[in-house]
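Undergrad: The structure follows.
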Amino acid sequence: MTRYKFSNIKMLGALSIALGIMGCTDTWDDHYQATDSFGGNLWEAVNANADLSNFASVVKACGYDSSLVSSQMFTVFAPVNSAFSADDASQLIASYNEQKAKGVKKKDNTVVKEFIQNHIALYNYSVSSLSNDSIVMMNGKYLPLTSASVGGQTMHLGNTVGNGVLYTVDNKVEYSPNVFEYLKKDADLDSVANFLYAYNKYEFMPSLSVPGDIVDGKTHYLDSVTVLSNETFYELSAKLTTEDSTYWMLAPTNEIWDTYVPEYEQYFLYDKSVNKRDSLQYANARMALLKGAMFSRTNNSDEAVKDSAMSTLSIPYSWRRMYYGTFDARYYQYDTPFAAGGVFADVEKITCSNGMVMKPRTWNIDKKQTFFQTIIAEAETSERLDSVKQATTSAPTFINVNSSNPFYNKLSGNQFAQFSPARGASQDIMMVFNVPGVLSNLGYDIYLITAPALAADTLASPVERLGTKMRIKLAYNNEMGKQPTDKEMVLLQSSIATTPDQVDTLLLAKDVKIPFCSWGEGMTPQVKLVIESRVSNKEVRDGLFNRILNVDCIIFKPHEEE
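When you line the sequence shown up against our numbering, it's residues 1022 to 1583, in that order.
What follows is the structure in structure tokens.
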């Protein structure tokens, strides 16, 4: 996995929802015939209520008293002392201070995020007898708000003050972690949590922050808003912290992690010319376990997921040839996921605020369904052709197979590359192809697909329709990142012939293992297939073979034991 160059922004709230609830003018129930007014600010209102002393002590200890005296508008839902005791408050304050002493930033402190911000919302929310909506708390959680409850807890008449509204609630509003947050709370998921959390990064967002005075030409903010980004979310195609999306995550337990990660590391060995090769091996082996383990409920309805689960990395059918070289590729898609042996079989389910974490007892995602992929290197793609021997070989001609041609739909993408001798040359032609994304220590069966002359021209001459003979070698980097000399290359075939008037699928070698990988976006392909025609002048004169080669594609298919 190359270094990620992206960020994922955690949504802090939906202003449109907030504005939709503000300013309600419906008829009030008797219980809400009036809202008490208090002349000061929210912090003064909290302090003035003796039944909120325990809540107030935590707010002050965490430094949020200064926020509640600012001009920023808030709505506070404060638990009364009978629901939140002095011991409860003392424990939270101790936890806050302990985390602070360890260098945990305030925005990451669980007391702030899971208690204080879970009881305070930005903006001024009033309710009516018909209120039935959701609001966004300071921690980004969506809570249902009715005329008499918030987050399922009974609330009572609010005090309107200069910078917001204060309600009291009969019980603490329970904090529901999202999928990403839950990973940190389960001791069985330490390994995956520690890996993913290492990529967390917070970014200051001026557009979401409250500006104050300008001092020495710089704006000072009354309320500085930072948002969470995590590089892995892009690779997983899953914004696991987003509260307005719904995800299912198959989270590997520590036992599963310790079983599969060491195995997967052998497939991501890079040669010494690759920058940060150890870091790449570390990250890619772990991401290989996680890729394909996230599922967006947007793409998996209750009915559809019974038959097939589409992970966030599954590619729609119409795009598969572009991504994988064939429409037949079904990577990151799992049939009958709830059946015995399916990916969702035998899992513990934990409901989260934005979906569900599934803890599998056995890992039923086969690597052949995810990163063990067949590589199809198209000859007509410029990135795949490394070079030709200019002294003997002309530049390739790229052929499109006409829809009326009998070989239409029998060649990959209905295209291929034609290689011919250079003008005046009477020697064998030679070309070198790049094969990208190869894994280390994975056995590959290597194939060459060739096209007949008739696929280019149904009126091809008898000489043009002859087959050709080839010698084929394989080259790949050594530990120092150097390519082999011609004598050091691996000889796959000393002489192999194509068949006239036929699409040939030529097996060049079975179970070939490459010692170093080139997996990852932006990685330079280091595996090369060298093809040289091996036809004598006599064979040309006798009309047995020609020196024209039509290459459709090169295939590296993960080897399967027979």
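Glycine residues also receive a C-beta, built at the ideal position from the N, C-alpha and C atoms.
Does DSSP classify F1566 as helix, strand or coil?
TA: Reduced to three states, the DSSP call for F1566 is coil.
Undergrad: Provide the residue span of the alpha helix (DSSP H) that contains N1068, from first to last.
TA: Run containing N1068: L1063 to A1069, per the alpha helix (DSSP H) assignment.
Undergrad: Hey, T1274 and D1209: beta-carbon distance below 9 Å or not?
TA: Contact flag set, yes.
Undergrad: Residues in its own chain within less than 7 Å of L1513 by CB, not counting five upstream and five downstream?
TA: Once the five neighbours on either side are set aside, the close Cβ partners of L1513 are I1467, I1493, K1494, L1495, L1529 and A1530.
Undergrad: Which residue from Q1523, S1403 and V1422 puts its Cα closest to that of V1456?
TA: V1456 has its Cα closest to that of S1403, out of Q1523, S1403 and V1422.
Undergrad: Mapping the DSSP letters down to three states, classify I1277 as helix, strand or coil.
TA: Looking at I1277 - three-state DSSP - the assignment turns out to be helix.
Undergrad: I think A1400 touches F1454, with their Cβ atoms under 8 Å apart; what is that distance to the nearest whole Å?
TA: Rounded, the Cβ-Cβ distance is 7 Å, consistent with contact.
Undergrad: According to the Cβ coordinates, are V1079 and V1132 closer than 9 Å?
TA: Yes, the Cβ-Cβ distance between V1079 and V1132 is below 9 Å.
Undergrad: Please report the distance separating the alpha-carbon of R1318 from that of G1161.
TA: Near 20 Å, if we compare the C-alpha coordinates of G1161 and R1318.
Undergrad: Would you call W1269 buried or exposed, if buried means 16 or more other Cβ atoms sit within 10 Å of its Cβ?
TA: Flag for W1269 reads buried.
Undergrad: Looking at S1155 and G1179, is the spacing between their C-beta atoms short of 9 Å?
TA: No, the pair does not count as a contact, with Cβ atoms beyond the cut-off.
Undergrad: Can you tell me which of the three DSSP states G1179 falls into?
TA: Three-state result, G1179: strand.
Undergrad: Could you please give me the residues that DSSP links to M1452 through a beta bridge?
TA: According to DSSP, M1452 bridges with V1409 and I1552.
Undergrad: Grab me the residues of Q1504's own chain with a C-beta within less than 7 Å of its C-beta, minus the 5 sequence neighbours each way, in chain order.
TA: Excluding residues within five positions, the ones whose Cβ falls inside 7 Å are A1496 and N1498.
Undergrad: In angstroms with no decimal places, state the Cα-to-Cα distance between S1516 and M1451.
TA: Cα to Cα, the separation comes out at about 14 Å.
Undergrad: Taking 9 Å as the threshold (C-beta atoms), are T1357 and S1329 in contact?
TA: Going by C-beta atoms, S1329 is nearer than 9 Å to T1357.
Undergrad: Could you check what DSSP says for W1269 in three-state terms: helix, strand or coil?
TA: Strand at W1269.
Undergrad: What is the DSSP secondary structure of V1572, reduced to helix, strand or coil?
TA: Residue state, collapsed to three classes: strand.
Undergrad: If contact is defined by three or more beta carbon pairs under 8 Å, each pair taking one atom from either stretch, is the region 1097-1111 in contact with the region 1063-1080?
TA: The region 1063-1080 is in contact with the region 1097-1111.
Undergrad: When DSSP labels each residue in this structure, what does S1516 get in the three-state scheme?
TA: The answer is strand: DSSP assigns S1516 an E or B state.
Undergrad: Who are the Cβ neighbours of K1578 in its own chain at under 6 Å, not counting the five residues just before and after it?
TA: Contacts found: T1395 and D1466.
Undergrad: Between Y1429, G1488, N1430 and F1428, which lies nearest to F1440 when the distance is taken from Cα to Cα?
TA: Selected option, being the one with the closest Cα: G1488.
Undergrad: My assumption, with CB atoms under 8 Å, is that G1061 sits in contact with V1182. Please give the rounded CB distance.
TA: That belief holds up - the Cβ atoms of G1061 and V1182 are roughly 6 Å apart, short of 8 Å.
Undergrad: Suppose you measure from the CA of S1300 to the CA of R1307; what does that come to, to the nearest Å?
TA: About 11 Å.
Undergrad: Which class does N1221 belong to by DSSP, given the choice of helix, strand or coil?
TA: Strand, per DSSP.
Undergrad: Closest to A1314 by CA distance: which of A1082, R1341, T1253 and Q1112 is it?
TA: Answer by Cα proximity: T1253.
Undergrad: How far does the alpha helix (DSSP H) with Q1138 in it reach, from first residue to last?
TA: From DSSP, Q1138 is part of no alpha helix (DSSP H); its letter is neither H nor E.
Undergrad: Using 10 angstroms around the beta-carbon of G1238, count the other beta-carbons present and answer buried if the total reaches 16, otherwise exposed.
TA: Counting Cβ neighbours within 10 Å, G1238 comes out exposed, since fewer than 16 surround it.
Undergrad: Would you report the Cα separation of S1092 and L1063, rounded to the nearest angstrom?
TA: Roughly 10 Å between the two C-alpha positions.
Undergrad: Which of the three DSSP states, helix, strand or coil, is assigned to N1251?
TA: Reduced to three states, the DSSP call for N1251 is strand.
Undergrad: Hey, which unbroken runs of the alpha helix (DSSP H) at 4 residues or more fall wholly within the region 1083-1117?
TA: Segments of the alpha helix (DSSP H) lying fully in the region 1083-1117: there are none.
Undergrad: Could you give the distance in angstroms between the alpha-carbon of R1568 and the alpha-carbon of L1249?
TA: C-alpha separation (whole angstroms): 60 Å.
Undergrad: Following the continuous beta strand (DSSP E) through N1421, name the residue where it begins and the one where it ends.
TA: N1421 -> beta strand (DSSP E) spans T1418 to N1421.
Undergrad: Would you identify the three-state DSSP class for R1341, choosing helix, strand or coil?
TA: R1341: helix per DSSP, three-state reduction.
Undergrad: Relative to the C-alpha of P1165, which residue among A1122, F1098 and V1213 is closest?
TA: Among A1122, F1098 and V1213, the Cα nearest to that of P1165 belongs to F1098.
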